[in-house]
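Sequential numbering of the sequence shown, starting at 1, is according to the working numbering.
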Amino acid sequence: MDNRFFPLVVVAVMLALGLTLTVADFRRAATMWRPLAVALICQAVVLPVLCLLTAEAFHLPPTMAVGLMLMAATPGGTTSSIMSHLFNGDLALNLTLTAINAVLSIAAIPAILPCR
């Protein structure tokens, strides 16, 4: 399959997932501050630290270490939303977390991957 159709597939999947949600789902997700805070701390602090320790422990080449850290700094996306939906997770909470992480990644990526 040609990769040029991949963006269309992502749009279709995200549209289908979004159509299953209501405004009430997002209101409920906004009241769940504790799981949201724990997930944000894990994704913004714990994951990059674990990736850095992994890169150091396995003496990864610089290009692989940077790739690993870049993956740690970027927010979750379509795959996490699909998995959340398939396993009856809280899709509204997942999308809220993804949106917050996308905004935080504006500062997180330069902080985790400083230019030399």
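Backbone N, C-alpha and C fix where the C-beta goes; we use that ideal spot for every residue, glycine too.
Which residue wins for smallest C-alpha separation from residue i, given the options the options?
{"i": "MET69", "options": "VAL45, ALA37, TRP33, LEU91", "result": "VAL45"}
{"i": "ASP25", "options": "ARG4, ASP90, PRO35, MET83", "result": "ASP90"}
{"i": "THR20", "options": "SER81, ALA111, LEU36, ILE100", "result": "SER81"}
With 16 as the cutoff for other CB atoms within 10 Å, does residue i come out buried or exposed?
{"i": "LEU97", "result": "buried"}
{"i": "CYS51", "result": "buried"}
{"i": "PRO61", "result": "exposed"}
{"i": "ALA108", "result": "buried"}
{"i": "ASN3", "result": "exposed"}
To which residues of the same chain is residue i closer than 7 Å at the C-beta, ignoring the five residues directly before and after it?
{"i": "THR78", "result": "VAL10, VAL13, MET14"}
Which two residues bound the contiguous alpha helix (DSSP H) that contains residue i?
{"i": "ASN101", "result": "91–112"}
Report all residues from its chain with a CB closer than 6 Å to the CB of residue i; omit the five preceding and five following residues, and keep chain order.
{"i": "ALA29", "result": "ALA92, LEU93, THR96"}
ask   = What are the uninterrupted segments assigned as alpha helix (DSSP H) that are 4 or more residues long and contained completely in the region 15–46, given in chain order?
value = 23–30, 33–41
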